[in-house]
Amino acid sequence: MKFSVLTLFPEMMSALGESIIGRAVKGGIIETQYINIRDFSKDKHHRVDDYPYGAGGGMLMQPQPIYDAYKSVAGKKKPHVIYMSPQGKTLTQKRAKELSEYEHIVVLCGHYEGVDERILEKIVDEEISIGDYVLTGGELPCMVLIDCVCRMVEGVLDSRETASVESHYDGLLEYPQYTRPPVFMGREVPEILLSGHHANIEKWRREQSILRTAKKRPELLEKAELSQKEKEWLKENGF
Ligand code: 4H7
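Our numbering puts the first residue of the sequence shown at 5, with every later residue one more than the last.
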């Protein structure tokens, strides 16, 4: 899978060269390219922004350098183009999984007060936000998106990192986990985890997931699929 990022700050993307995503890039499962929109400015001072018509503060990114940057990465087959914007639909695990099926995604990162509306109409398929708060640019949201989508791509995670037991995968939060030592500052690892009884451990983990979700993110429980038995069990535990 390939990501082409159109940005004024390509150096910011270096975080994606590290850790698990970095490994997938080195291994050739994921391809990334970072295009500096400024390289496509036709202005003699390499300007890419200008004042908005109708006044109002701030600067806007002009459409021409963005369009030419887009043309430089778009092949024969039209890529899926995403604009990172606080006006977009909020990114979810479900959408990330769907996006992982695309062969080529282009991400446009806005800066200053955003981009000229006409470039959105011309090239953008979808606007995505990473949450209801304001940032200085679309680069950090873009990295969040790429990280989240890439780890859903087959082969990016190894079997130990598997995506199937974690928060948000089945609509529930992750159960608590423990590693060595067995006693830390007087606090013991739950006995059941040391028992070696796999079925009991699975049951305990499922209960802990449900309990945690009820405590920390009760609104998630409405969408999660709980059995009648589990719903009753929750009630007995005060929820
Ligand atoms: C596109 C349009 C995404 C990109 C406007 C981007 C939050 C998110 C940006 C803006 C982003 C998110 C321009 C909006 C400057 C804020 C003061 C870059 N912020 N900006 N305004 N939630 N900022 O995903």
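Just so it is clear, CB atoms sit at the ideal spot from N, CA and C, and this is done for glycine as well.
Predicted, not measured: the structure shown is a model, and the values here were computed from it.
Measuring from the CB of residue i, is there a heavy atom of the ligand 4H7 at a distance below 8 Å?
i, result
"C113", "yes"
"P56", "no"
"M16", "no"
"S133", "yes"
"D72", "no"
"E121", "no"
"L20", "no"
"G142", "yes"
"P180", "no"
My understanding is that residue i touches residue j, with C-beta atoms under 8 Å, so please give their C-beta distance in whole angstroms.
i, j, result
"H84", "D129", "6 Å"
"M17", "V9", "6 Å"
"P180", "M88", "33 Å between Cβ atoms; not a contact."
"G175", "L224", "6 Å"
"G141", "F13", "7 Å"
"T94", "S133", "5 Å"
Out of the options, which one is the CA nearest neighbour of residue i?
i, options, result
"V157", "I33, M17 and S8", "I33"
"N241", "Q181, E226, E211 and L225", "E211"
"Q91", "G118, E102 and S76", "G118"
"K227", "R209, Y173 and K207", "Y173"
Beta-carbon within less than 6 Å of residue i's beta-carbon, same chain only, minus the 5 sequence neighbours each way: which residues are those?
i, result
"H108", "K6 and P83"
"H50", "R42"
Tell me which residues share the same chain as residue i and place their Cβ nearer than 8 Å to its Cβ, disregarding the 5 neighbours each side in the sequence.
i, result
"I25", "I34, I150, D151, C154, R155 and V160"
"I205", "I196, L197 and S199"
Between which residues of its own chain and residue i is the CB-CB distance below 7 Å, once the five residues before and five after are set aside?
i, result
"L64", "D53, D54, P56, Y116, E117, G118, V119 and D120"
"A73", "L10, I39, I41 and F44"
"I123", "P67, I70 and Y71"
I want to see whether chain D comes within less than 9 Å of residue i, judged by CB atoms only; does it?
i, result
"Y173", "In summary, chain D is missing from the structure at hand, where a single protein chain is found."
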